[in-house]
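Down below is the structure, laid out as structure tokens.
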Amino acid sequence: MQELVDFLQSNSALVLANPGAFGTFAIIFGSGGFLVGRHFLAERIANLESRIARRDDELAEFKTRRPSAKEPEPSMVPLIGTTATGGTDGSPPLGRLS
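With this note's numbering as the guide, the letters of the sequence shown map in order to residues 43 to 140.
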């Protein structure tokens, strides 16, 4: 930024002699830079929006495949061949804990 200020100070006589040309070129180059920057950012924004839309679709698909809370899930513990013991009749699996 300081380089721009130094350039304008060193060429201030030229700028003051032709303010119309300086203003015209400033508007042309400024708007051209703005349009080029906007074009590149628009491409990036479109890319991000497509990624968001894809994630929304994936979330909706996941929600439709997920079982609802009303459906009971089968137990993960095998019940065949297991017995429940009550009291202190059997020994703990790691020996006495107390």
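Every residue, glycine too, gets a C-beta built ideally from N, C-alpha and C. Here the structure is a predicted model, which means the values were calculated and not measured.
query                                                                                                     : result
Would you give the residue range spanned by the alpha helix (DSSP H) that residue 78 belongs to?          : 61-107
If you follow the alpha helix (DSSP H) that residue 52 is in, where does it begin and where does it stop? : 44-52
For residue 57, which three-state DSSP category applies?                                                  : helix
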